[in-house]
Structures are given as C-alpha cells and as structure tokens.
Amino acid sequence: MIKTLLTIVAATLLALLHPVDATASVTGGAVVVVLPLEDEIDARAWQHTRSAAEHAVELDADLFVVRMNTYGGALDAADSIRTMLLRMPMPTVAYIDHNAASAGALIALACDSVFMTPGSSIGAATVVDGQGQPMPDKYQAYMSSIMRSTAEHHGKWTAPGDSALKWRRDPTIAAAMVNPEKVTAFSTSEALDAGFSDGTVTSLNEMLERLDMADASIDTYQPTLTDDIIGFLSNAGVRALLVMLIIGGIYMEMHTPGLGFAAAVALIATCLYFLPMIITHTIAAWIVIMLVVGVVLIAFELFVIPGFGICGISGIVAVLVALCAAIVPDGGAEEFSLASIGRPIIIVGVGLGAAVALVGWLTSRHGPKFLRKHSELLLTQDVKDGYIGVDMSPARFVGHRAKAMTDMRPAGKILLGEDVYDAVSTGAFIAAGSHVRILRYENAQLYVEPTQLTTE
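For the sequence shown, the numbering used here assigns the number 281 to the initial residue and increments by one for each residue that follows.
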C-alpha cells in the first residue's frame, strides 16, 4: 500500500514539475499581458499573479494589466501581490471593471495607473474577521500604514495648470479607506476627482488606446493546473490540515508497531505541504536540512531507542521549525521577523492543536474500533483474554490439604492426590510425611503451612 501511495506522489510531482504551459506565446510588436483577478483574493490569486508576472518578464512585455472585479480577500495574499506589482520591471495598470474593494483596493493602489469603468467602486479596505466584523485597532493601524506607504510609493507630481507639488495619490485618503468608523470608498467619478483614478473607460481596448497601445498584442494569462494546485495547497486552512496530518501521523506511528498507514499519511502530507515551495523554488536549503534532521531523529526514536524520549521530541521540534520557516514569505532566513513569522506560527499552531485533538479522539473509546484494536496505546493484556506469563492452573488448589514428599527447608515437594508439585513453606521447617495446607499461589509457586507436627 505504501509503495502504491509513494508511486502516486512521485507521478504527481513529476507532472507538476513539468507542467504544460497554457499561455500563448506572443512575438513581435508591443505586448500587453493581462491578469484577470475576478474572484476572492487568496493564495490561488497570489500564485496566479506570480506566474503571470514571470510570464510577462519572459515575454519582455511592455505593459502588465490587472483586470479587477473583486470584493477583496486575505490580507497576506493581497500584500504579496502588492509587493510584486511595486517591483515589476514594466509599467502596471489596474483596470477596475466594477469592483476593487478591501484587499482589491490595495492591489489597485499598487499599480502605476488606475482606470475604472462607469459604475465601478474602489475602497472600503477595513480589516474584518470571518463574520465581517472589524478587527482590533492594531490590525487597522497596520493596514492603514500599508495603504499609506503604497500611495507614497507613487510620489508627488505637478498637475497640469497647477505649479504646486502634490501627492499623486494622497496617502491620507488611502489610509482613510481603512477607518472602520468612517470607511472611505469612491465611485468612478469620485476616484477620478480624488486622484485615485487616471481615467474612465468602457473597455480594455479603450484603455489601451488612451495609453497609446491600441496596436499592442494582448496576452491574457490563463492559469495552469499547476497554478491552481499550488494555490490550493498554499491556502492557510489546507496548510493547517496538512500540519495536523503530519504531526498526528508521526505521533501515531511512534506508538504503533512497524511502518504502516500513519507513516504513509504523514509522508504524503509532508510532500504536499512542501510541494508549492519546491516548485516555485522558494524554499531555503537550511529548511530542507532542518526537515531531514527532524525526520532522522524521529526514525532513530522509532527503530533504535525504545519509548518516547529526547530524540523523538527534538525531531518533532525540528520538523515544526521547518514547517513554520517554509511558509515564511520567500522562504528565506533574511525575511524572519515577528511580523513575517506570525502567520506561519499561527498556521502550524492550529495544525498542531488539531493534531492533538485528532489523536485524542482516535485513541479514546469514541474513536474507530479498528484503530483502537491495533494501537499499542490502548491494547490491554487481560488474563481473561489469555494474556498470561505463567501457568495459573495450580491456583485452584488454594485451601486444599496435601502431604510433604520431602523435607521443606523451606522449599520442597508435596503430594496432592496423585500429582507432585513444588512448594515453599511459609516459614516453619516441615518434615517429610507431614500434612500441609496450601495457603496461596503467587509467582508460579505454591505456599503451604503445616497442619500437624507428627510424622507417619
């Protein structure tokens, strides 16, 4: 079974490492790469952006367009997209076709230019929880600083007919989009008046005409299966689930005999967890070394040292460190800071807590019977089930009378019916031929006492 699972994982890795490129190659003339962002901003959107940006660089594109219609999403994914857009080697344009709310507003603000279709909106970047309620002030303050610094990145300019030097995009207004007490959002005309839009257009072609690129070749990026798989595996919830399977599988394997299902689950979950970083080449060598060291220590605990001790604990700690470090932005040691490792620690912590809960349930009386039956954690060796180390049949003679066959000083032999048994006197010397009474049976030994002092 394990061999079959490993074969499947290896085949998947091979297919993902050599994916079929679904994007069209464009040659000759000006090139515009268009990235559609029309769903929730999440790990998949971040992966699509990264792949599209790499594709644009490969084509030496003249313009990178983000076509947006989103109500927002995860802040970490949006911030990663923002950072990439700010570092793009070619001009970037946000083409807002209806919505650029919340995290979408941050992404649009990162682009060099913004164009909006009639009836569109931008703003409302308040950080909220899963129920749509505003998060505490520290989250809002951090988001405000991101919005403000993104606006400041575009610098100041002198508007036509105005000699005063002004911010191209006012950082104060950008920060106000986060204010949970009075959220700022703009319609198409309001964004144009506030300087957060560079024009109103009815189509992508009209926007390109405004940018003097009407004759450019348009290459709309189509995400590959690899992008979707990497995006799915990069989701925080999926990562926490994989951590749960890794830690839970390792723990169960350390408490069950041999290599079996738990080890296979942990191995496959580990491969899937690190797969996005391996494919995108964002995993540092020291993280791989840390993971290998952790696995070796755990294997040493499993096969060399009995029980659960320092090697097992050290191995699990090393694996946890590798799991956290692998999903720090860019996977590099230079990125380590409280801000950058906070989310990875939360993800791994949630996975670890879920693993503890899962193991607790699986090994409880409410868990699956097949697992409880085969787990050393729960197996009890009851006498009634035949788990005995010595012959207990002589215990039935307790209270019976017998005769000493030999002198007992204190050990000797007794005659019980027609059978001879070894026995031990409880203290007094017993001469051969004396009558004795069997007191107890302990440690595979009959214990007797004399019932008379005369001999026959």
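Backbone N, C-alpha and C fix where the C-beta goes; we use that ideal spot for every residue, glycine too. Note that the structure is a prediction, hence the values are computed from the model and not measured.
For residue i, the nearest candidate out of the options (CA to CA)
| i | options | result |
| --- | --- | --- |
| L389 | S714, V345, N723 and T643 | V345 |
| N485 | M396, R689, R681 and A444 | M396 |
| M737 | Q420, M688 and I627 | Because residue 737 is not part of the residues shown, which for the chain are 281 to 736, the question remains open. |
| H328 | A404, A602, V608 and I510 | I510 |
| R330 | N349, F677, G353 and M368 | M368 |
| A456 | L547, L513, L386 and A516 | L386 |
| V407 | S594, Y351, S644 and S497 | Y351 |
| K693 | I710, V678 and H680 | I710 |
| D495 | A712, D702, G309 and L719 | G309 |
| H433 | E338, D450, P503 and A421 | D450 |
| M688 | H715, G384 and P674 | H715 |
| T464 | T438, G403, L513 and Q411 | G403 |
| L365 | V314, S400 and R623 | V314 |
| L726 | D322, P674 and R681 | P674 |
| I498 | L339, V545 and A724 | L339 |
| A526 | T562, A381, E489 and I578 | Checking the sequence, you will find Ile at residue 526 rather than Ala. Checking every option, the nearest Cα to that of I526 belongs to I578. |
| L571 | V584, F583 and L603 | L603 |
| D238 | E722, A544, T731 and T686 | Because the chain spans 281 through 736 in this model, residue 238 falls outside it and cannot be assessed. |
| D409 | K446, T452, A421 and A354 | A354 |
| P503 | E334, G697 and A684 | E334 |
| I621 | D356, G697 and I321 | D356 |
| G384 | D392, G399 and M348 | M348 |
| A634 | H561, G528, T731 and V704 | G528 |
| S401 | P624, Y419, A380 and K418 | A380 |
Beta-bridge pairing of residue i - partner residues as DSSP gives them
| i | result |
| --- | --- |
| Q725 | E722 |
| L696 | D699 |
| N379 | S401 |
| I321 | G353 |
| F344 | V313 and T372 |
| H715 | K683 |
| K446 | W437 |
| V704 | A691 and Y727 |
| P414 | V408 |
| I710 | M688 |
| A549 | Its beta-bridge partners do not exist; DSSP assigns none. |
| A465 | G403 |
Coil, strand or helix - residue i by DSSP
| i | result |
| --- | --- |
| T731 | coil |
| S497 | strand |
| P739 | One cannot answer for residue 739 here, as it falls past the ends of the chain, which runs 281 to 736. |
| H433 | helix |
| M672 | coil |
| H680 | coil |
| R427 | Note on residue identity: the sequence assigns Met, not Arg, to residue 427. Note: M427 maps to helix in three-state DSSP. |
| T438 | strand |
| M396 | strand |
| G540 | coil |
| R367 | coil |
| I563 | coil |
| S594 | helix |
| H335 | helix |
Backbone CA spacing between residue i and residue j [nearest angstrom]
| i | j | result |
| --- | --- | --- |
| D377 | M487 | 12 Å |
| D246 | P556 | No answer is possible for residue 246: the residues shown for the chain start at 281 and end at 736. |
| I569 | V575 | 10 Å |
| V728 | R717 | 5 Å |
| A598 | I567 | 9 Å |
| W326 | R362 | 10 Å |
| I548 | R519 | 13 Å |
| Y553 | M532 | 19 Å |
| S594 | V601 | 11 Å |
| S382 | V394 | 16 Å |
| I558 | V458 | 36 Å |
| T372 | A542 | 48 Å |
| A358 | R324 | 11 Å |
| Q413 | I590 | 45 Å |
| I596 | I530 | 8 Å |
| G475 | T468 | 11 Å |
| I426 | M415 | 16 Å |
| L695 | S644 | 50 Å |
| L642 | V608 | 31 Å |
| A682 | G707 | 17 Å |
| Q411 | A405 | 15 Å |
| A565 | K446 | 46 Å |
| G629 | T550 | 16 Å |
Closer than 7 Å: residue i CB and nearest the ligand ADP heavy atom
| i | result |
| --- | --- |
| A405 | For the structure depicted, the ligand ADP is absent and the ligand set is empty, with no information on it obtainable. |
Along the chain, which unbroken stretches of the alpha helix (DSSP H) at least 4 residues long are found entirely within the stretch 467-537? Every unbroken stretch of the alpha helix (DSSP H) spanning 4 or more residues and falling wholly within the stretch 467-537 is given here in chain order: 468-474, 484-490, 505-513 and 516-534.
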